[in-house]
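Q: Residue numbers (our numbering), protein chains in the order written: chain A, 865 to 1379; chain B, 71 to 559.
One structure coming up, written as structure tokens, with questions to follow.
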Amino acid sequence: MSLTALSACDLLAKLDASEVTSAEVTGAFLDRIEAHDGRIGAFLRVDAEAALAQAAAIDQKRKAGNPVGRLGGLPVAVKDLLATEGEVTTCGSRILENFRPPYNATVIEKIRAADGVILGKTNMDEFAMGGSTENSAYQLTRNPWDTTRIPGGSSGGAAAAVAAGMAPLSVGSDTGGSIRAPAGWCGITGLKPTYGRVSRYGLVAFASSLDQIGPLAQTVPDTALLLEVLAGHDPKDSTSVNLPVPRYAETVNQPLKGLRLGIVPEHFGEGLDGEVEKAVREAVAVYESLGATVREVSMPHSKYTVATYYIIAPCEASSNLARYDGVHYGYRTDVKQVAADLEAERKKYEDAGDAAAVENLDSVLVRMYRKTRSEGFGPEVKRRIMLGTYALSAGYYNAYYLKALKVRRLIRQDFDRAFQQVDVIAGPVTPTAAYPIGDKVDDPLAMYLCDLYTATTNLAGIAALSIPCGFSSEGLPIGLHLQAPPFEEERLLRGAAMFQRATDWHLKRPDLGGE
Amino acid sequence: MSKPYEIIIGLEVHVQLLTESKLFCGCSTKFGAAPNTQTCAVCTGTPGALPVMNREAYRLAVKAALGLNCQIATFTKWDRKSYYYPDLPKGYQISQYDQPLSYDGYLDILDPENEEQTRRIGIIRAHLEEDAGKSMHDEVAGKADSRIDLNRTGTPLLEIVSQPDMRSPAEAKNYLTELKLLLNYLNVSDCNMQEGSLRVDANINLHIDTPGGKVATPIVEVKNMNSFRAVERALAYEAERQWEVWQETRQKLGDVPKQTRGWDEGAQITRGQRSKEESSDYRYFPDPDLVPVTMTEEAIEEIRRSLGELPARLRERLVEEYGITAYDSDVLVNQGRSLVDYFVTVADRCGDGKTAANWIQQSVLRTLNEGQIGIDRFPVSAEALADLIKAVLAGKMETSRGREVLARMTETGETAAEAMKGLGIAAVDESELEALCAELLAANPKVVEDVKQGKLKAAASLIGQAKKKNPNVNATRVREICLQLIEQM
Ligand SMILES: [Zn+2]
């Protein structure tokens, strides 16, 4: 069996037993990237030299008998919105084309400290806005199961890299489903931790109150291992919570006795594809066969999820993205051209004797802002900036933003009530299997509706993950969504591992050809 | 002739707090460093960087608010105020919008109409926010690049908003003077307008008596005032201007949008700013990167206990305990805490508050003003000055002679005793003095004759001569002895 087909935990065992070196493992994944990523497009940048150097240093450490970090030389792919010091970090946007952060994100520091080898930066929807990775300013990422289809998004590169065996571990971010939806569509495991569990310091913000960094991997134990490294309090992030981090990787294989599983009837209504519903119901039956009790829990406000999410997220985004103005870093339009255009216009109005128009001309600065932003941002980002700017404007704030915050509280209360009756809530992660590339590009609303099941987790700030639970008749993976109360990642992982021990959906691999 | 209107003024004052580091990052707040050397990922708005609140800044803000007799909120949050400007790297300023950390306070100021009285000016709110950077524009707009210095970005600013309770430009000036004094006493801000650590915007309009009742003119916001004097002048100018506009246009409050005008120090006038630059929707919303701040009653009380004695109370106490006049007390207190400490030490040691106050006002303050220095750099210690005053009070020398001694002490740093010795000051004993007077009378028969005829003033010339022969003689005593001797003649 080739190294790239092994799970992260199996690779780690081999590394710890000195059966393989980190350099060999890293090299194997780099070779696989070399062989297949031209077609998949998961990575925006791969730094083979740096990865091999880091791997060699870890091997040296191990050989010398020095303690090795938790990741022991395992390669990790990183979504391109995590700041890496001195290295290009684009967030999938033209506006950050040449941006090199002067610092490392906290999770990057943690991965390095744990001896994770950073392979490269993965593709994503621009500023994590989107559900298909089609909004990347740089390239398409294709679903390894069917390269005519989307991998999901926004962490599409992160999910495709793991599904294609190009990385054993991957770090993504999830604002409304951006880890779980691509994990579901690519047939892998992806976890969105509780808000505050993982430091956001160095995560280029989309919607600060919803963003959360999380792990993607082939299996639940692999996911547990990476979460253990990522999680923990960070004094540099005021919203990070000061709670001890459980040893997820150690407890992950302990089954949950007397598990009470909840099903939300509202999640099995209109819009849910029949094959997806069937796979999810069969997954629930698997749990029952493992001794879990199943009951329905109502989430009366879940129908407002998409509306609420698409107010709050764009509002925060419009503010978070105000900094990309071409003044301090990133893309700036040709200012000389802007000044020349202004002079030409001024002259035109002066010649026409139109004093009012001359008076009304915007300054070079204002024009520079406008042109930089209109050239630097893609259409989906612009759409959300406009939505958010509008909703936060005087006169609309109460009707939109404030109202959305109230609904958000009600959604959280739905969960609080539900979790008094059940331990974990199960359901579909997306309404359908992966759709063809280009299918929803002209219909943003249809794309937004894909966030129906996942965005509610972010609004409530709780923990959730996606694991594979079947395939469609077209051979596309289907994901099972599991949600747990805040800071119950351990319960979530143990519950998900139970399922994976009883099934083999997570062991299926796409055939990339050329093996 | 008094004008048929009342001037209504409210002030918005921004002061930088005296913290070592910025409000949301660890960068230094020191003034005067080379541009962009006191910046980091957080205060430059680098993508991914996050703010963390500086507790010390919050404590200083609460301290200032307590000094302003404000209510302190036990729960506040941070809001983003959005606007585009090159010196605002995030595209928003972190501020407090609808839940300021303090509200409903007041500041008692000297009534310019009657210095014996005070006027109470309401404080609507005082809240914390981060400062922006500085833009340096080339003189010829558009012809050269503007430069941005982000050293100031993120420095904690306390915005103090008064009620529109001031009724004259002089009151506005007194308010600023008292506010600055208070903040100096609290050691929360150095309030240096030149360095930009205190900035003032004013809102002003007129309430005009008309046959139909009182009418308010449109409110104008005045900016760009760089000294307290400039504030006073700008407001006086603006009141007059509004009066003239009223007479021409009869525009009332609400008839036109609120206008912003800038004070032109060179031309001594206010100028309207482009309406395009002033109309803004700041799109406030709670900053999701920061958690709300809670203050317990105990924490508030602890800060209250750290306030120390504030100017208003101190003025009263100096009058009560040292028997000085309200005027003297005011002069001393207005010089700041360290001068008051100096005075108290001198007064306690020499045992005479009034005399101590006189010496400090007439000699010490003059030296400080001439040298543009603070009491901390005055070379004569409070103890040394007290010893000198004691010697004068004991009659060892005259007051005028004493001032010479102080001048020497100031110059050389000597103690009172050393300086007196250096100037050859020694007490002249009675027999010596009598011999000197007899000698003078013998030499001035004309004076003796005049005095005998009742022209007592003539004796004055004898005193001058006596001082020439021996500078240590006591003038009063010389006069007394001379008159005695003439009587006996
Ligand atoms: Zn800083």
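Don't be surprised by glycine CBs; every beta carbon is placed ideally from N, CA and C.
Keep in mind that this is a model prediction, so the values were computed, not measured.
#1: List in chain order the residues whose CB is within less than 5 Å of at least one heavy atom of ligand 1.
#2: So is aspartate 989 of chain A in contact with chain B if we call contact Cβ pairs under 8 Å?
#3: Would aspartate 1198 of chain A count as contacting chain B if we go by Cβ distances under 8 Å?
#4: Run through chain B and tell me which residues come within less than 7 Å of arginine 1064 of chain A, C-beta to C-beta.
#5: Would you list the one or two residues that DSSP bridges to tryptophan 333 of chain B?
#6: Looking only at DSSP bridge pairs, what is methionine 295 of chain B linked to?
#7: I'd like to check one pair, cysteine 140 of chain B with cysteine 113 of chain B: are the Cβ atoms closer than 8 Å?
#8: What residues from chain B crowd round glutamate 1180 of chain A, counting only those whose CB sits closer than 7 Å?
#9: Starting from the beta carbon of histidine 1192 of chain A, find every residue of chain B whose beta carbon is closer than 9 Å, and list them in chain order.
#10: Mind checking who glutamate 90 of chain B pairs with in its DSSP beta bridge?
#11: Would methionine 123 of chain B count as contacting chain A if we go by Cβ distances under 8 Å?
#12: Do you know offhand how far valine 290 of chain B's Cα is from proline 234 of chain B's?
#13: How would you write the range of the alpha helix (DSSP H) that isoleucine 556 of chain B sits in, first residue to last?
#14: Could you tell me the boundaries of the alpha helix (DSSP H) in which cysteine 1179 of chain A lies?
#15: Thinking C-beta only, is threonine 1253 of chain A closer than 8 Å to serine 1182 of chain A?
#16: Counting C-beta neighbours from all protein chains within 10 Å, is the total for proline 1085 of chain A 16 or more, i.e. buried, or is it exposed?
#17: In its own chain, which residues sit with a C-beta less than 6 Å from the C-beta of threonine 1103 of chain A, not counting the 5 before and 5 after it?
#18: Checking 8 Å against the spacing of the C-beta atoms, do threonine 970 of chain A and serine 1063 of chain A come in under that value?
#19: Taking Cβ positions only, does arginine 353 of chain B come closer than 8 Å to chain A?
#20: Are the C-beta atoms of serine 152 of chain B and some chain A residue less than 8 Å apart?
#21: By the three-class DSSP mapping on this structure, what secondary structure does valine 416 of chain B have?
#22: At which residue ranges does the segment 903–940 of chain A contain complete alpha helix (DSSP H) runs of 4 or more residues, listed in the order of the chain?
#23: What is the residue span of the alpha helix (DSSP H) that leucine 1313 of chain A lies within?
#24: Pair every Cβ in the segment 983–993 of chain A with every Cβ in the segment 1282–1299 of chain A, then say whether three or more of these pairs are closer than 8 Å.
#25: Going by beta carbon distance, what residues of the same chain come within less than 7 Å of glutamate 348 of chain B, once the five residues before and after it are set aside?
#26: Who are the neighbours of tyrosine 162 of chain B on chain A, taking C-beta pairs under 7 Å?
#27: Valine 475 of chain B to aspartate 215 of chain B, Cα distance in whole Å?
#28: Please classify isoleucine 230 of chain B: is it buried, with 16 or more other beta-carbons within 10 angstroms of its beta-carbon, or exposed?
#29: For valine 1068 of chain A versus alanine 1177 of chain A, is the C-beta spacing smaller than 8 Å?
#30: Does the pairing of the segment 148–159 of chain B with the segment 354–363 of chain B give three or more beta-carbon distances under 8 Å?
#31: What three-state label does DSSP hand methionine 490 of chain B in the structure shown?
#32: With the cut-off set at 8 Å, would you say tyrosine 1195 of chain A and glutamate 961 of chain A are in Cβ contact?
#33: Could you tell me which of A/Ile1301, A/Leu1323, A/Ala1360, A/Pro1332 sits nearest to glutamate 998 of chain A, measuring between CA atoms?
#34: Using beta carbons (cut-off 8 Å, strictly below), is alanine 1258 of chain A in contact with chain B?
#35: Kindly list, in the order they appear in chain A, the residues whose Cβ is closer than 7 Å to that of valine 363 of chain B.
#36: Could you check if glutamate 1092 of chain A is buried or exposed, using at least 16 other CB atoms within 10 Å of its CB as the buried criterion?
A: Taking the geometry as given:
#1: Those residues are B/Cys95, B/Cys97, B/Cys110, B/Val112, B/Cys113, given in chain order.
#2: Aspartate 989 of chain A does not count as touching chain B.
#3: no
#4: Ordered by position in chain B, the residues that pass the 7 Å Cβ test against arginine 1064 of chain A are Leu120.
#5: B/Thr340
#6: B/Val270
#7: For cysteine 113 of chain B and cysteine 140 of chain B, no; Cβs fall outside 8 Å.
#8: Pro358
#9: Thr114, Gly115, Thr116, Pro156, Pro159, Ile218, Leu220
#10: Partner(s): none; glutamate 90 of chain B has no beta bridge.
#11: yes
#12: Approximately 12 Å, taken between the alpha carbons.
#13: 545–558
#14: 1169–1184
#15: Here serine 1182 of chain A is near threonine 1253 of chain A, since their CB atoms are less than 8 Å apart.
#16: buried
#17: Gly1060
#18: yes
#19: yes
#20: So yes, serine 152 of chain B belongs to the interface.
#21: Correct three-state label for valine 416 of chain B: helix.
#22: Complete alpha helix (DSSP H) runs here, min 4: 912–927.
#23: 1308–1313
#24: The count of Cβ pairs closer than 8 Å, one atom from the segment 983–993 of chain A and one from the segment 1282–1299 of chain A, stays below three, leaving the stretches out of contact.
#25: Because the pLDDT at glutamate 348 of chain B is just 48, under 50, the model does not fix this residue reliably, and the point stays unresolved.
#26: Ser1183, Ala1186
#27: 59 Å
#28: buried
#29: no
#30: yes
#31: Three-state DSSP puts methionine 490 of chain B in a helix.
#32: yes
#33: A/Ile1301
#34: Interface residue, yes.
#35: Result: empty, since nearest Cβ-Cβ is about 10 Å, beyond 7 Å.
#36: buried
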